[in-house]
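There are 2 protein chains.
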Amino acid sequence: MSLESILNNSNNYQPGLSIDCVIFGFHDNSLKVLLLKPKFSEKWTLPGGFVTVDDSIDVAAVNVLKERTGLTGIFLRQFATFGDINRDEIDFNTKVLEFFKIPKENAKWYLQRFVTIGYYALVDFFETIPSANGKYEIIEWIDLNNIPELILDHNKILNKALENLRLELNSLPIGFNLLPEKFTMTELQKLYETILGRELDRRNFFRKMNSIGILKKLDEKKSNVSHKAPNFYCFDTENYQKVLKDGLNMGW
Amino acid sequence: MSLESILNNSNNYQPGLSIDCVIFGFHDNSLKVLLLKPKFSEKWTLPGGFVTVDDSIDVAAVNVLKERTGLTGIFLRQFATFGDINRDEIDFNTKVLEFFKIPKENAKWYLQRFVTIGYYALVDFFETIPSANGKYEIIEWIDLNNIPELILDHNKILNKALENLRLELNSLPIGFNLLPEKFTMTELQKLYETILGRELDRRNFFRKMNSIGILKKLDEKKSNVSHKAPNFYCFDTENYQKVLKDGLNMGW
DNA sequence: ACAAAAGTGTTTGGCGTACACCCATGA
DNA sequence: TCATGGGTGTACGCCAAACACTTTTGT
Chain A
1 MSLESILNNS NNYQPGLSID CVIFGFHDNS LKVLLLKPKF SEKWTLPGGF
51 VTVDDSIDVA AVNVLKERTG LTGIFLRQFA TFGDINRDEI DFNTKVLEFF
101 KIPKENAKWY LQRFVTIGYY ALVDFFETIP SANGKYEIIE WIDLNNIPEL
151 ILDHNKILNK ALENLRLELN SLPIGFNLLP EKFTMTELQK LYETILGREL
201 DRRNFFRKMN SIGILKKLDE KKSNVSHKAP NFYCFDTENY QKVLKDGLNM
251 GW
Chain B
253 MSLESILNNS NNYQPGLSID CVIFGFHDNS LKVLLLKPKF SEKWTLPGGF
303 VTVDDSIDVA AVNVLKERTG LTGIFLRQFA TFGDINRDEI DFNTKVLEFF
353 KIPKENAKWY LQRFVTIGYY ALVDFFETIP SANGKYEIIE WIDLNNIPEL
403 ILDHNKILNK ALENLRLELN SLPIGFNLLP EKFTMTELQK LYETILGREL
453 DRRNFFRKMN SIGILKKLDE KKSNVSHKAP NFYCFDTENY QKVLKDGLNM
503 GW
């Protein structure tokens with residue numbers, strides 16, 4: 001949705017409220033975040049959007065995700081709402097309007113104080129089709145170890161999302177949305193390690209994961225590796241959903 | 253702040269955004285929540301408020317707490333934001349306007365769709381001075397085991413607050429804000445038990461608490477009990493703050 | 001003396017950590 | 001046959017759960 005069309009229909013949008021999504025993907029054994037670099041800004045931004053007056057905020061977040069990745073039915077969690085008074089969104093939005101040469105008078109809706117609701121998502125890197133919104137921005141997977149300076153409080157939002165993801169790891173199984181259908185135990189371990197930011201014992205991880213009962217060992221091994229061929233696993237969807245619902249208790 | 257004065261200054265208020273606070277207190281060995289019963293409603297409500305355009309949302313929450321309890325410097329945590337489309341706040345707010353005989357035309361600000369940010373607070377029951385807002389409502393401590401039907405999605409908000417409080421119990425020391433200055437170990441245990449909703453072993457709790465190092469044993473015992481006099485304890489403020497900042501890791 | 005709850009000590013089992021060892025595969 | 005990482009077994013130690021026992025107070 002372009003800024004012009006939003007401003008032309010600003011009555012349809014919840015005033016002063018936005019959504020920002022921290023979209024995590026996993027590739028090359030490292031955790032990535034989907035970020036935007038608009039032409040009108042030196043800094044990068046989180047993909048975001050607005051809330052129409054007749055959509056629930058969760059639906060608005062789902063829509064952002066769909067717009068930016070093409071994906072639906074994804075793991076998505078609200079984690080915090082940001083409403084500090086020094087978010088400086090009015091200054092920033094003024095610059096955006098100048099770039100697009102939209103007169104301030106036509107953009108009252110855009111020049112108010114904004115509060116933003118943060119969501120984070122876990123998506124399959126290879127299923128994702130990152131979509132820039134028109135020619136004024138590029139969208140890219142950025143490695144978590146290499147996050148640039150972001151606009152407003154977006155760095156804070158991203159860090160908070162990561163913090164929450166780490167916490168959730170203790171009570172939720174993850175990986176289903178981040179990994180391809182078939183994967184090796186080591187790939188799953190690397191995922192956990194990048195999220196947690198530290199190394200885990202290979203052998204203990206192996207047993208811990210198996211004991212949860214959300215993995216199915218496949219009759220297939222990875223080939224073309226110059227060592228013992230590791231087995232492929234997939235998630236046992238039924239059990240996975242059950243554990244996702246009931247929660248689980250593992251300290252990492 | 254009365255509804256009339258808010259409507260007269262609606263430009264000063266963030267549109268479509270409200271704050272709801274779940275204020276927990278501890279008394280008679282049970283957990284209570286501060287609730288309002290407005291005259292214009294069959295149901296009870298959580299104490300809430302609105303956000304002025306130049307206050308951060310956290311400040312708005314602090315203000316609600318101060319208004320309702322007279323307290324400042326209290327443990328207060330944002331836990332979730334609620335923006336389902338079936339919150340039905342417009343229907344409800346319409347009834348409120350009818351009760352106060354405010355014409356709809358003067359209350360556009362009030363008749364939009366609202367999203368609400370949930371906070372929970374832990375306060376000292378005896379320090380709290382519950383304040384009703386004018387003569388159109390009463391305010392009361394309601395036992396957690398006896399929560400009535402609340403307006404809109406307030407029951408859901410309350411339950412979510414409790415859920416979050418229980419989670420936080422694993423990483424934070426609590427009690428400092430909920431108990432009087434001097435207390436016995438059993439009183440502290442009852443507090444944990446009511447929050448968790450289950451009984452704990454007296455002896456293991458005793459040792460666990462002592463091992464954290466946030467308690468100071470006082471040279472004073474409770475008298476007039478027909479059994480061995482329990483010792484009084486207080487919190488070691490310095491250590492308590494340290495643990496509050498650094499977090500802690502105890503499964504309950 | 002007795003009831004009731006505080007406070008102390010001890011046992012036990014499960015789980016996480018650490019690590020030794022064998023296995024399979026490509027070069 | 002060697003390097004490399006996959007997969008299995010096991011021993012140790014800590015901590016939480018369970019419970020026996022002693023202590024102190026009022027009646």
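Chains as they are written, first to last, in the numbering used here: chain A, 1 to 252; chain B, 253 to 504. Backbone N, C-alpha and C define an ideal beta-carbon position, used for all residues, glycine too. Treat the numbers as computed from the prediction; the structure is a model and nothing was measured.
Name the chain A residues that come within less than 8 Å of residue i, Cβ to Cβ?
| i | result |
| --- | --- |
| B:V303 | G83, V115 |
Under 9 Å Cβ-Cβ, which residues of chain B neighbour residue i?
| i | result |
| --- | --- |
| A:D124 | Neighbours of A:D124 on chain B: none; closest Cβ ~27 Å, over 9 Å. |
| A:D28 | Per Cβ cutoff of 9 Å: no residues; A:D28 is ~32 Å from chain B at best. |
Whose C-alpha, out of the options, is nearest the C-alpha of residue i?
| i | options | result |
| --- | --- | --- |
| A:R202 | A:P230, A:Y136, A:G134 | A:P230 |
| B:V285 | B:G322, B:F331, B:K360, B:V375 | B:V375 |
| A:E140 | A:V22, A:L17, A:S18 | A:V22 |
| A:P148 | A:N204, A:L46, A:Y233 | A:L46 |
| A:I157 | A:T116, A:G134, A:A60, A:L188 | A:T116 |
| B:S282 | B:G322, B:K473, B:I447, B:L255 | B:I447 |
| B:I271 | B:K295, B:R418, B:N260, B:V311 | B:V311 |
| B:A384 | B:G370, B:K318, B:G335 | B:K318 |
| A:I6 | A:K37, A:V53, A:H27, A:L35 | A:V53 |
| A:N106 | A:E4, A:L144, A:L165, A:L35 | A:E4 |
| A:Q78 | A:N86, A:R68, A:F99, A:S56 | A:S56 |
| A:L150 | A:Q189, A:K37, A:F75, A:Y13 | A:K37 |
| B:L269 | B:F334, B:T324, B:F327 | B:F334 |
| B:I390 | B:F351, B:L443, B:F276, B:R320 | B:R320 |
| B:G499 | B:K480, B:H479, B:F378, B:L419 | B:L419 |
| B:I337 | B:L396, B:F435, B:R365 | B:R365 |
| A:F339 | A:E220, A:S2, A:K242 | This structure cannot speak to residue 339 of chain A, because chain A is shown only from 1 to 252. |
| A:S253 | A:L165, A:F183, A:T94 | In the structure as shown, chain A begins at 1 and stops at 252. Residue 253 of chain A is therefore absent and cannot be evaluated. |
| A:I142 | A:P15, A:L35, A:K228, A:G134 | A:L35 |
Classify residue i: buried if its beta carbon has 16 or more other beta carbons within 10 angstroms, exposed otherwise.
| i | result |
| --- | --- |
| B:D343 | exposed |
| B:M461 | buried |
| B:E433 | exposed |
| B:V314 | buried |
| B:V316 | buried |
| A:E42 | exposed |
| A:K216 | exposed |
| A:K245 | exposed |
| A:L218 | exposed |
| B:R450 | exposed |
Within its chain, find whatever has a CB closer than 7 Å to the CB of residue i; leave out the 5 residues flanking it on each side and keep chain order.
| i | result |
| --- | --- |
| B:Y492 | P425, F428, I466 |
| A:K104 | L97, L111 |
| A:D88 | L152 |
| B:F458 | M437 |
| A:E127 | L71 |
| B:L328 | A313, V314, L317, Y371, A373 |
| A:F99 | F40 |
Which residues in the same chain have their Cβ closer than 8 Å to the Cβ of residue i, if we skip the five residues on either side of it in sequence?
| i | result |
| --- | --- |
| B:G503 | N422 |
| A:N155 | I147, E149 |
| A:S211 | none |
| A:L178 | F24, G25, F26, L122, V123, D124, F125, L191 |
| B:N416 | R329, F331, A332, Y372 |
Along chain A, in chain order, which residues have C-beta atoms closer than 7 Å to that of residue i?
| i | result |
| --- | --- |
| B:S308 | G83, D84, I85 |
Taking 6 Å as the limit between beta carbons, can you name the residues of its chain near residue i, skipping five residues before and five after?
| i | result |
| --- | --- |
| B:K291 | Y388 |
| B:K412 | A332 |
| B:S554 | No answer is possible for residue 554 of chain B: the residues shown for chain B start at 253 and end at 504. |
| B:G322 | I381 |
| A:L188 | G175 |
| A:H27 | F125 |
| B:G300 | S270, I271, D272 |
| A:N8 | none |
- Message: Any C-beta of chain A within less than 9 Å: which residues of the segment 333-353 of chain B qualify?
- Response: The residues in question are T333, F334, G335, D336, I337, N338, R339.
- What are the residues of the segment 313-335 of chain B that lie near chain A, defined by any Cβ-Cβ distance shorter than 7 Å? Within the segment 313-335 of chain B, the qualifying residues are Q330, A332, T333, G335.
- Task: Taking a Cβ distance cut-off of 7 Å, strictly less, list which residues of the segment 158-172 of chain A are near chain B, in chain order.
- Result: Taking 7 Å as the Cβ-Cβ cut-off against chain B, none of the residues of the segment 158-172 of chain A qualify.
- Could you list the residues in the segment 259-279 of chain B with a C-beta less than 7 Å from some C-beta on chain A, going in chain order? For the segment 259-279 of chain B, the set of residues with a beta-carbon nearer than 7 Å to any beta-carbon of chain A comprises Q266, P267, G268, L269, in chain order.
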